[in-house]
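Participant: Take a look at this one; I'll ask things after.
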Amino acid sequence: MFAPVSLLRQCIVNLYSSSPYNDLQSEFVDTMQTHLAFDNLHGCYNIKFAYEDSWATIQWVLSDSWLQGYVDLEKIFLAGDSSGVNIVHSMAMRAGDVANPVNLLGVALIQPYLWGKERIGSEGVLDTDKLIVPNKMWTFAYPSTIGHDDPLVNLFDAEAPSLSDLGCTHVLVFITNQDVYRDRWWLYYETLRKSDRRGVVEIMETEGEDHVFHLFSPTSMKALDMIKRLGSFLNQYKCTGIM
Numbered sequence: 001m002f003a004p005v006s007l008l009r010q011c012i013v014n015l016y017s018s019s020p021y022n023d024l025q026s027e028f029v030d031t032m033q034t035h036l037a038f039d040n041l042h043g044c045y046n047i048k049f050a051y052e053d054s055w056a057t058i059q060w061v062l063s064d065s066w067l068q069g070y071v072d073l074e075k076i077f078l079a080g081d082s083s084g085v086n087i088v089h090s091m092a093m094r095a096g097d098v099a100n101p102v103n104l105l106g107v108a109l110i111q112p113y114l115w116g117k118e119r120i121g122s123e124g125v126l127d128t129d130k131l132i133v134p135n136k137m138w139t140f141a142y143p144s145t146i147g148h149d150d151p152l153v154n155l156f157d158a159e160a161p162s163l164s165d166l167g168c169t170h171v172l173v174f175i176t177n178q179d180v181y182r183d184r185w186w187l188y189y190e191t192l193r194k195s196d197r198r199g200v201v202e203i204m205e206t207e208g209e210d211h212v213f214h215l216f217s218p219t220s221m222k223a224l225d226m227i228k229r230l231g232s233f234l235n236q237y238k239c240t241g242i243m
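Written as structure tokens, this is what we have:
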């Protein structure tokens, strides 16, 4: 764990990332946040364990007396990129469950992974090659799934819970204009913006880049601009925690 000794009793952000630590977490250090990193061997277990492990980790953070001396558990943020965003969203929905309430302040969703059986927006005109990974990834990772309309991956399926039940008040979405998942996350943003939920939702779209470009070019100006925006989003609440 990284905890700036001069910054105590500030907020904690849980980080779910598919990236190597050196690529993404070193960038989060620049936002002056505390880092808590947890490994998950995605390829070794049923993908649903990643969701259960993540929820168990959040419960551990909330109950750990030592952490309470460094962070303000009244200001919890979740952050993730790609498939990690899928987990972040799921955790935020659980946080809004009155039976298992968690005082979650906000989420940062970085170039998220989301899919569905039916094509929407520009997906219908994309080259077949660009659809290979989205069409195969979910069923490969979760062979027993009901398919691409599983509520875990298709947040707009009829069986998926309403986004208005999201258990936080602050949402920041990062997308790129060349990302195959772009239109679904614009829909996510617009759905939240128009819902009756209390809170704010922001979006930042990077031009000329594809999915998780920041992992491949972490020192590029566009990646640094994204990290700067994330840092600003977190620091307005005096956050110092990332897991």
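Residue numbers (the UniProt record's numbering): 1 to 243.
Glycine residues also receive a C-beta, built at the ideal position from the N, C-alpha and C atoms.
Source: prediction; values computed, not measured.
(1) With V200 as the anchor, note down where its alpha helix (DSSP H) starts and where it stops.
(2) Would L234 be called buried (16 or more neighbouring beta carbons within 10 Å of its own) or exposed?
(3) Which residues mark the beginning and the end of the beta strand (DSSP E) in which E74 is found?
(4) Does DSSP classify L234 as helix, strand or coil?
(5) Is the beta carbon of R182 closer than 8 Å to that of T176?
(6) Can you give the beta carbon distance from F156 to V107, rounded, assuming they're within the 8 Å contact cut?
(7) Considering only the alpha carbon of each residue, which of H89, A50, Q68 lies closest to V171?
(8) Is it true that the CB of I110 sits closer than 8 Å to the CB of A50?
(9) Just verifying my parser: in three-state terms, what is the DSSP assignment at Q68?
(10) Under 8 Å Cβ to Cβ from G167, same chain only, skipping five residues before and after it: list those, please.
(11) Excluding five sequence neighbours on each side, which residues of the same chain lie with their C-beta closer than 7 Å to the C-beta of Y113?
(12) DSSP state of A108, grouped into three classes?
(13) In whole angstroms, what separates the C-alpha of F174 from that of S65?
(14) Buried or exposed: W153, going by 16 or more other Cβ atoms within 10 Å of its Cβ?
(15) Taking the beta carbon of G116 as the centre, do at least 16 other beta carbons fall within 10 Å, making it buried, or is it exposed?
(16) For a test of the three-state rule: what should DSSP assign to K194, helix, strand or coil?
(17) Shortest alpha-carbon distance to I47 belongs to which of N135, T145, Q59?
(18) Taking 8 Å as the threshold, find out whether the region 121-130 comes into contact with the region 157-165 through three or more Cβ pairs.
(19) P134: buried (16+ other C-beta within 10 angstroms of its C-beta) or exposed?
(20) Pick out whichever of A56, K75, T57, K194 has its Cα sitting closest to the Cα of residue 249.
(21) Can you list, in chain order, the residues of its chain with a C-beta nearer than 6 Å to that of P151? Leave out the 5 residues immediately preceding and following it.
(22) Are G199 and T169 closer than 8 Å when you measure CB to CB?
(23) Quick one: grab the DSSP three-state call for S169.
(24) If we count the other Cβ atoms within 10 Å of its Cβ and call it buried at 16 or more, is L126 buried or exposed?
Facilitator: Quick answer:
(1) Walking along the sequence shown from the start, residue 200 turns up at place 200. Not the alpha helix (DSSP H): V200 falls in the beta strand (DSSP E), residues 200-206.
(2) The residue you call residue 234 lines up with position 234 of the sequence shown. By the neighbour-count rule (16 or more Cβ atoms within 10 Å), L234 is buried.
(3) Your numbering for residue 74 matches position 74 in the sequence shown. Run containing E74: 71-82, per the beta strand (DSSP E) assignment.
(4) On the sequence shown, position 234 is the one that residue 234 refers to. If DSSP states are grouped into helix, strand and coil, L234 belongs with the helices.
(5) In the sequence shown, residue 176 corresponds to position 176, counting from 1. In the sequence shown, residue 182 corresponds to position 182, counting from 1. Against a cut-off of 8 Å, the Cβ pair of R182 and T176 comes out as a contact.
(6) By one-based count along the sequence shown, residue 156 stands at place 156. By one-based count along the sequence shown, residue 107 stands at place 107. No, F156 and V107 are not in contact; Cβ-Cβ is about 18 Å, not under 8 Å.
(7) The sequence position of residue 171 within the sequence shown is 171, counting from 1. If we check each option's Cα against that of V171, H89 comes out closest.
(8) Walking along the sequence shown from the start, residue 50 turns up at place 50. Walking along the sequence shown from the start, residue 110 turns up at place 110. No, the pair does not count as a contact, with Cβ atoms beyond the cut-off.
(9) Taking the sequence shown and counting its residues from 1, one reaches residue 68 at position 68. In the structure shown, Q68 sits in a helix (DSSP, three-state: H, G or I).
(10) On the sequence shown, residue 167 is found 167 positions in, with the first residue counted as 1. Excluding sequence neighbours, G167 sits near A92, M93, R94, A95, G96, D97, P101, V102, L104.
(11) As a first step, residue 113 must be located in the sequence shown, where it is residue number 113. S82, S83, V85, N86, Y181, listed in sequence order.
(12) As a working note, residue 108 is residue 108 in the sequence shown. Looking at A108 - three-state DSSP - the assignment turns out to be strand.
(13) Start at 1 with the first residue of the sequence shown, and residue 174 comes out as number 174. Start at 1 with the first residue of the sequence shown, and residue 65 comes out as number 65. Between F174 and S65, the C-alpha separation is close to 33 Å.
(14) Locating residue 153 in the sequence shown gives position 153, counting from the first residue. It should be pointed out that residue 153 corresponds to Val in this sequence rather than to Trp. Result: buried.
(15) In the sequence shown, the residue the question calls residue 116 occupies position 116. When all chains shown are included, G116 counts as buried.
(16) Your numbering for residue 194 matches position 194 in the sequence shown. Here K194 sits in helix by DSSP.
(17) As a working mapping, residue 47 is identified with position 47 in the sequence shown. When only C-alpha atoms are compared, the closest one is T145.
(18) These segments do not touch.
(19) One-based indexing of the sequence shown puts residue 134 at position 134. Result: buried.
(20) Here the chain comprises residues numbered 1 to 243, so residue 249 is not present and cannot be evaluated.
(21) Along the sequence shown, one-based indexing puts residue 151 at 151. In chain order, D157, E159, A160 place their CB closer than 6 Å to the CB of P151, counting only its own chain and leaving out the 5 sequence neighbours on each side.
(22) On the sequence shown, position 199 is the one that residue 199 refers to. On the sequence shown, position 169 is the one that residue 169 refers to. Cβ atoms of G199 and T169: closer than 8 Å.
(23) Taking the sequence shown and counting its residues from 1, one reaches residue 169 at position 169. A small fix is needed here, since residue 169 is Thr in this sequence, not Ser. It is coil, neither helix nor strand.
(24) Residue mapping note: residue 126 aligns to position 126 of the sequence shown, counting from 1. Exposed, since its Cβ has fewer than 16 Cβ neighbours within 10 Å.
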